[in-house]
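Going by the UniProt record's numbering, the first residue of the sequence shown is number 1, and it counts up by one from there.
No residue lacks a Cβ here, since even glycine has one placed at the ideal position from N, Cα and C.
The block underneath contains the structure these notes are about, expressed in structure tokens.
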Amino acid sequence: MEVLATHRDMPDPLGAINHGSSGQPRTPTSRIETPNLQTPYVRDDTESSYPENESNKRVKLTIKEDLHTKTHGLFGEVPEEQVAILTPFVSKPLTLELRTVPVIRPSLGEVVVRIAWTGICASDIYFATGTDATYCSHSHIGGHEGIGHIAQSHDPAHIGQAVGMRFMAYTCGVCCYCLKGVPESCPRQVCFTRHLRGSYQQYATVPYTSLTILPDYVFQHENPAIYTAALCSGAAALKALRKAGIRPNDVVVVIGIGGQIGYLAGVMARRVYSARVVGIDIASKANSSTIGEACDVYLPSPTEGGTHMSDEFQSLLQSTCTKLRADPNLPRGADVVIAAGSSGDSYRDLPSYVCDGGSIGFVGSPTYSVTFDVKRILERQLSIKGTLMGDRQDSYQVMDYIRSGILKPKMNEIELQDLPEYMQGFLAQKNWGKGVARINGPLPSAAPLTR
Numbered sequence: 001m002e003v004l005a006t007h008r009d010m011p012d013p014l015g016a017i018n019h020g021s022s023g024q025p026r027t028p029t030s031r032i033e034t035p036n037l038q039t040p041y042v043r044d045d046t047e048s049s050y051p052e053n054e055s056n057k058r059v060k061l062t063i064k065e066d067l068h069t070k071t072h073g074l075f076g077e078v079p080e081e082q083v084a085i086l087t088p089f090v091s092k093p094l095t096l097e098l099r100t101v102p103v104i105r106p107s108l109g110e111v112v113v114r115i116a117w118t119g120i121c122a123s124d125i126y127f128a129t130g131t132d133a134t135y136c137s138h139s140h141i142g143g144h145e146g147i148g149h150i151a152q153s154h155d156p157a158h159i160g161q162a163v164g165m166r167f168m169a170y171t172c173g174v175c176c177y178c179l180k181g182v183p184e185s186c187p188r189q190v191c192f193t194r195h196l197r198g199s200y201q202q203y204a205t206v207p208y209t210s211l212t213i214l215p216d217y218v219f220q221h222e223n224p225a226i227y228t229a230a231l232c233s234g235a236a237a238l239k240a241l242r243k244a245g246i247r248p249n250d251v252v253v254v255i256g257i258g259g260q261i262g263y264l265a266g267v268m269a270r271r272v273y274s275a276r277v278v279g280i281d282i283a284s285k286a287n288s289s290t291i292g293e294a295c296d297v298y299l300p301s302p303t304e305g306g307t308h309m310s311d312e313f314q315s316l317l318q319s320t321c322t323k324l325r326a327d328p329n330l331p332r333g334a335d336v337v338i339a340a341g342s343s344g345d346s347y348r349d350l351p352s353y354v355c356d357g358g359s360i361g362f363v364g365s366p367t368y369s370v371t372f373d374v375k376r377i378l379e380r381q382l383s384i385k386g387t388l389m390g391d392r393q394d395s396y397q398v399m400d401y402i403r404s405g406i407l408k409p410k411m412n413e414i415e416l417q418d419l420p421e422y423m424q425g426f427l428a429q430k431n432w433g434k435g436v437a438r439i440n441g442p443l444p445s446a447a448p449l450t451r
């Protein structure tokens, strides 16, 4: 059985907020400090943790009794062990292994989530290979698009509650970044994979405050797995479209239309914003079943390896945009380009995709850099927007689009044990559409859906 570090052994921004860097409880007049990301999150139940008096001894006994006798379970006993996809060490090449690991008993304030499905995100490759050193340097369980039910808690009111696991598990909501709509820069953020074990496991033991409460209709849907698309990929795509300022009948180019974010961006651009979409991706994805749903016209990605796109492709793109507008009097490029591809070559000379006054939007977690001519950007009055991920409200909005039928994501469902192979498919650019892994599946028919 594999023994892993838990989030209690990882850096604890929440602990620093609630207790300060000294570890002592705050007084009402205490100044809120920037969390010490090196402070370990370890529950201490030892005798030395309590002053030697009868009152506190009684408190400690009450806590221990609660841990043993007042933990409420759903579907019988939560198992002692489970199956998970483990990243045993962070390095290249990508290494993911199917392992048996313990199910951690929840501390006070924590719950155990029985994970039904989890969406699959390519960004987990960056965490597992150390491409971005700010995220993970330790063995971990990835995944940040899980949905399921709370199966174990010290609070019986939590039992059976439908919850989601978003990458950005917690932000303070009151710092300058949260208030200006950039929670990704919150210094008190807590994230799955970086601080908490993720959703590539059957049971996740996490703080209750790290979860997103799901609407009742999610697990009433004939295929609840479809809602995993709202937790990360869909929320990021929606935020990128909103920031681009798309108007009805605008022509939008989506680069990486065959990928997860690109696919959802294309569908929502058409169905939510009433835009005309030109999808661009590598030729091997031209016949994927999601292409026709996500765009009006598909163009193979330009293959020239130089700094600029070929004149032939630029002419083809402009004529395509003109036809979609039905305005032959003023031929021009797209109004917006959303860059959601995984290849650096597809981002060459992005200003050439849009007309004057157009918008360039980057979304996701690219690992490459591009160079633009600033003089050209200014003269053509182009705007550039970046979107790392959507927030919780974006996720709820995408869920509502799914519930109403505006958005019907096509999902590629696999089993948990097939996840390592599927992740390799991202590296080979073979995957298309939105991937989801079945972990435990739906609730047993005899199990209650409500608390």
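Exposure of residue i, with buried meaning 16 or more beta-carbon neighbours within 10 Å
i, result
"Ile257", "buried"
"Val436", "buried"
"Pro28", "For Pro28, the pLDDT reaches just 33, beneath the cut-off of 50, and the residue's location in the model is therefore unreliable, leaving the point undetermined."
"Val374", "exposed"
"Asn287", "exposed"
"Glu110", "buried"
"Ile32", "Any reading at Ile32 needs caution, since the residue's pLDDT is 27, under 50, leaving its predicted position unreliable; the model's value is listed next. Burial call: exposed."
"Asn431", "buried"
"Lys92", "exposed"
"Pro25", "Any reading at Pro25 is ruled out, since the residue's pLDDT is 37, under 50, leaving its predicted position unreliable."
"Glu47", "For Glu47, the predicted structure reports a pLDDT of 34, less than 50, and the residue's modelled location is therefore unreliable. A value from the coordinates is still provided. Flag for Glu47 reads exposed."
"Lys57", "Here the model assigns Lys57 a pLDDT of 41, short of 50, so the residue's position is not dependable, and the following value carries that caveat. Answer is exposed; the Cβ neighbour count stays below 16."
"Thr320", "buried"
"Leu108", "exposed"
"Pro156", "exposed"
"Thr100", "exposed"
"Val174", "exposed"
Beta-ladder partner(s) of residue i, from DSSP
i, result
"Val112", "Gln152 and Thr205"
"Ser383", "Ser359"
"Thr100", "Val83"
"Cys191", "Met168"
"Lys434", "Met411"
"Ile147", "Trp117 and Gly164"
"Gly279", "Val254 and Tyr298"
"Val374", "According to DSSP, which records beta bridges pairwise, Val374 is partnered with nothing at all."
"Thr212", "Gly164"
"Val218", "DSSP output for Val218 lists no bridge partner at all."
"Leu196", "Phe192"
"Val354", "Ala334"
"His140", "Thr87"
Pair within 7 Å by beta-carbon distance, residue i and residue j
i, j, result
"His140", "Thr87", "yes"
"Tyr177", "Ser210", "no"
"Ala200", "Ile85", "The residue asked about is misnamed: residue 200 is Tyr in this sequence, not Ala. Taking 7 Å as the Cβ cut-off, Tyr200 and Ile85 qualify as a contacting pair."
"Val277", "Asp296", "yes"
"Tyr353", "Val337", "yes"
"Ala265", "Gly279", "no"
"Lys243", "Lys385", "yes"
"His149", "Ala162", "yes"
"Leu231", "Gly164", "yes"
"Gln202", "Ile439", "yes"
"Ile261", "Ala236", "yes"
"Gly441", "Ala116", "yes"
CA nearest to the CA of residue i, picked from the options
i, options, result
"Thr387", "Val363, Arg403 and Gly405", "Val363"
"Ser301", "Pro102, Gln381 and Gln314", "Gln314"
"His158", "Pro106, Tyr298 and Val174", "Pro106"
"Arg332", "Asp281, Val252 and Lys92", "Val252"
"Phe192", "Pro207, Leu179 and Val83", "Pro207"
"Pro224", "Met399, Ile125, Leu382 and Gly390", "Met399"
"Met268", "Ala204, Ile377, Leu350 and Ile246", "Ile246"
"Gly433", "Gly341, Glu184 and His221", "Gly341"
"Asp335", "Leu317, Gly357 and Ser395", "Gly357"
"Ser185", "Pro248, Asp281, His195 and Cys172", "Cys172"
"Arg325", "Arg392, Ile377 and Pro248", "Pro248"
"Ile213", "Ile147, Pro79 and Gln152", "Ile147"
"Ser153", "Leu179, Pro187 and Val113", "Val113"
"Glu421", "Leu350, Leu299 and Ile120", "Ile120"
Residue range of the beta strand (DSSP E) that includes residue i
i, result
"Pro106", "Segment: none, Pro106 is in no beta strand (DSSP E) and carries neither H nor E."
"Tyr298", "Val297 to Pro300"
"Val254", "Val251 to Ile255"
"Val337", "Ala334 to Ala339"
Limits of the alpha helix (DSSP H) - the one that residue i falls within
i, result
"Leu317", "Asp311 to Arg325"
"Gly292", "Ile291 to Ala294"
"Asp124", "Ser123 to Thr129"
"Ile402", "Arg392 to Ser404"
"Ile261", "Gln260 to Arg271"
"residue 452", "Because the chain here runs from 1 to 451, residue 452 falls outside it and cannot be looked at."
"Tyr177", "Cys176 to Leu179"
"Arg242", "Ser233 to Ala244"
Interface flag, residue i vs chain C, CB-CB below 7 Å
i, result
"Ile246", "Absent from the structure: chain C. Only one protein chain is present."
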